[in-house]
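Enquirer: First the structure, which I've put down as structure tokens, then a few questions once you've had a look.
In this note's numbering, the protein residues as written are 1457 to 2344.
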């Protein structure tokens, strides 16, 4: 203040005092001391002498005629009136700014930084850019980083030639404080000319009028009543631009709204955790963790770190607060605490502002800014998990569109790109704490009712070409659908509820099953239905056959859920568990007399037997299902049974029968105009030709199926036909193309966690490598294929690997081992007829070359082996060989 006053800037000095007074009051709750008050009084009275400016001192020296002047001091050079002053060499011009130095390096936000700088530098109309987000989201740091990038621009590209200035507003409480804060920021690098007794607003406007400046106004949410001042400044100063951070929209027409969300979280798929660990949120956690624990190794706690970052949705402050606990807990323990509430997210660091030491304090501040109506609405919206529609908010919580928009403007609710609303998880946790128990139960019940009805409405789209509309609706609100399902399970366990639980479960079960199956979400689906079956069984539903409203019983509902649970067991490769459930459920389905459920259970049993290679046992079940289909309302039931019978006929080598089954099923699906199943039957028709060594006939079917599947977004059928086209290329001796197809499909199968097709693609690669005379690559693929096929109980795939190993042994001269492997495949009923046919030529050649006694001994040995024995032998002990030529 003294220096400003001595330089003649009395208004700036007084503005600096106001900043000091605001800071002392808000941070320490004290007033300035007596010395400071005395200095301010002297400044106001004009009692501070003004120091001469440098140009005035030079003028005084020149008047002495080159003699020593008492004002310059003894021994200092004196300029003659006729001489030119001696100047230092010119220095590069640096942009004026007051941006504070940061304690840690900035991580991530590349897209946001690019957006902010582009808008401020190239959009002429973007003069007021507001970064809006909840507390703790890193708005301030983002704004400062963007400002630093613009400070560093070359002079030729610099639109803010008069500087970039940071204006912290946390301690400011009114309009006058806002203006004095602006003056205070500007006077850190330059003088602020006073205008006598003019109002502060007039002086600021006069100063900014011709300036090309960027002001970064931080923490504006509590100054919304002063927002019109920003309009006045922009109107008066055409080269001024403002970058504002706030928890709430400014409510100004010229303000550009830029939402600040959490740090980037990669949407990795199964097995992609290493890739996900490179995302910005995890990088920030690691940076903070290593300050707390020098030996922190993210590789050892990768999954727990990902969970923490996901739970807090990438919120930077929450990540920093969570990492600060690493001196007392490991990451898994921290993650578990975060799921329990906000209280873990706090720190005792002394150099962090009190408002940032706890997420609870951050949330309380945001809560305090709300009106009672807004608080009630936000608390009730906490019943949702993930995105929710405006209709859901209205039906469940009675929240109007106006209140949703208001909460969005306050950064407490955000709108997704798809037009849904969502609360940040930490905001949701805090808001839910404000609900009473009775209110919460009522909201949960309404929530479950709404989403059960939503799924019931989506059933009309199932098995139609508009089914993707249902998938889109369900996908957008899947978290809420799952949450409603879990509430129904909890309510069933509690026993005392007014909810019509059997009806609600029935409304949800079909679409919930179909969605998870279609989108390959087998593990989440398995978890949902296993939990439901356990919960309802514990609640006694298995013993309650009393019909409710003349429609269904609790026992019948549980039976339907158990069928879905077994379907997911089948898809995740738990064939033994799936078969055991199917065998247990079939008698119950027959007794219950629900034709739809019996049909589903028969298909479940049949498909499980096919996957295990027991095709003969599957045929009667498919035939019974085909007979039942005539009593069911949709022709798609008939198509399902026909497809199953075609699969068995093709695998058994009854190719003409398979063709007939498939063509009948195709006619049904074409009549329904149901393209997803048309694609799958096209796939099966092509595969039937491929098994007959007819690649030219198979290829058009596969290509049509692939095109249809891509158009429908059916990634499973896309994967299958990518494999099939690899087989076509292999049979046509186009080996590099075959390898490319197999590798692409293998990557898809790994991403899906689909073990059958992992094994299938590895077998295809191995076969191709053998044809390319690359036995080392073939062996590597076969060993993994055999392990995966056996581990997943997919006998046909494991047996295909064994047959190919027989070919590999023969190439290497291990002829006895080759005979054993090939003979085992030949006699096993689960082996596909096409695989047996592929092995026949080599077996015939070996029979002609080797002693009959050897074949007899090998056949006796094979007869004594189980599949498990063969796998162990092939992976760990198949080194038998006879001196002979290498078979090619």
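Built from N, CA and C at the ideal position, the CB exists for glycine as well.
#1: So for residue 2257, helix, strand or coil by DSSP?
#2: Report the rounded CA-to-CA distance for residue 2178 versus residue 2201, giving the unit in angstroms.
#3: Just list the residues that DSSP pairs residue 1715 with in beta bridges.
#4: Can you round the beta-carbon distance between residue 2266 and residue 2221 to whole angstroms, since I take them to be within the 8 Å contact cut?
#5: My guess is that residue 1936 and residue 1851 are in contact by the Cβ rule of under 8 Å, so how many angstroms apart are they, rounded?
#6: Do the region 1568-1581 and the region 1738-1754 make contact, defined as three or more Cβ pairs closer than 8 Å?
#7: Going by beta carbon distance, what residues of the same chain come within less than 7 Å of residue 1529, once the five residues before and after it are set aside?
#8: Go to residue 1701, then tell me how far its alpha helix (DSSP H) extends in each direction, as first and last residue.
#9: Taking the C-alpha atoms as reference points, what is the distance between residue 1762 and residue 1794?
#10: How about residue 1777 and residue 1801: are their beta carbons less than 9 Å apart?
#11: Can you give the Cα-Cα distance for residue 1773 and residue 2138, rounded to whole angstroms?
#12: From what residue to what residue does the alpha helix (DSSP H) around residue 2172 run?
#13: Give me, in chain order, the residues of the same chain whose beta-carbon lies closer than 7 Å to that of residue 2252; leave out the 5 immediate sequence neighbours on both sides.
#14: Could you check how far apart the C-beta atoms of residue 1855 and residue 1873 are, in whole angstroms? I think they sit under 8 Å.
#15: Can you give, in chain order, each stretch of the alpha helix (DSSP H) that sits fully within the region 1965-2045 and has at least 4 residues?
#16: Looking at residue 2271 and residue 2231, is the spacing between their C-beta atoms short of 9 Å?
#17: Using only the alpha-carbon positions, how far apart do residue 1604 and residue 1816 sit?
#18: Using the rule of at least 16 other Cβ atoms within 10 Å of the residue's Cβ for burial, across every protein chain shown, is residue 2192 buried or exposed?
#19: Check the DSSP bridge columns for residue 1871 and list the partner residues they point to.
#20: Which residues mark the beginning and the end of the alpha helix (DSSP H) in which residue 1738 is found?
#21: Going by DSSP in three states, residue 1817 sits in which element: helix, strand or coil?
#22: Do residue 1621 and residue 1552 have their C-beta atoms closer together than 9 Å?
#23: Check for me: the alpha helix (DSSP H) holding residue 1893 runs from which residue to which?
#24: Is the Cβ-Cβ distance between residue 2211 and residue 2248 less than 9 Å?
#25: Mark residue 2024 as exposed unless 16 or more other C-beta atoms lie within 10 angstroms of its C-beta, in which case mark it buried.
#26: Report the option in 2077, 1555 and 2044 whose CA atom is closest to the CA atom of residue 2017.
#27: Between the C-alpha atoms of residue 2000 and residue 1920, what's the straight-line distance to the nearest angstrom?
#28: Which whole-angstrom value describes the C-beta separation of residue 2161 and residue 2173, a residue pair presumed to lie in contact below a C-beta threshold of 8 Å?
#29: Name the two residues that bound the continuous alpha helix (DSSP H) containing residue 1688.
#30: Are three or more beta carbon pairs between the region 2085-2104 and the region 2049-2062 nearer than 8 Å?
#31: Report yes or no: do three or more beta-carbon pairs, one from the region 2142-2149 and one from the region 2315-2329, lie closer than 8 Å?
#32: Going by beta carbon distance, what residues of the same chain come within less than 7 Å of residue 1862, once the five residues before and after it are set aside?
#33: In terms of residue numbering, what span does the beta strand (DSSP E) encompassing residue 1671 cover?
#34: Going by DSSP in three states, residue 1510 sits in which element: helix, strand or coil?
#35: Measure the beta-carbon distance from residue 1564 to residue 1780 and round it to whole angstroms, keeping in mind my assumption that it falls under 8 Å.
#36: According to DSSP, is residue 2190 helix, strand or coil?
Expert: According to the structure data:
#1: helix
#2: 6 Å
#3: 1588
#4: Not quite, the Cβ-Cβ distance comes to about 19 Å (not below 8 Å), so this is no contact.
#5: About 12 Å separates the two Cβ atoms, so there is no contact after all.
#6: no
#7: Here residue 1529 scores only 42 on pLDDT, less than 50, and its place in the model should not be relied on; the value that follows carries that caveat. Answer for residue 1529: no residue qualifies.
#8: First-last for residue 1701: 1697-1702, but that is the beta strand (DSSP E), not the alpha helix (DSSP H).
#9: 13 Å
#10: yes
#11: 53 Å
#12: 2171-2187
#13: 2069, 2286, 2287 and 2288
#14: About 21 Å separates the two Cβ atoms, so there is no contact after all.
#15: 1978-1994 and 2010-2027
#16: no
#17: 31 Å
#18: exposed
#19: 1877
#20: 1736-1748
#21: helix
#22: yes
#23: 1893-1914
#24: yes
#25: buried
#26: 2044
#27: 35 Å
#28: 6 Å
#29: 1683-1692
#30: yes
#31: no
#32: 1830
#33: 1670-1674
#34: With a pLDDT of 39 at residue 1510, under the threshold of 50, the modelled position of this residue cannot be trusted; read the value that follows with caution. Here residue 1510 sits in helix by DSSP.
#35: Not confirmed; about 19 Å, so no contact.
#36: coil
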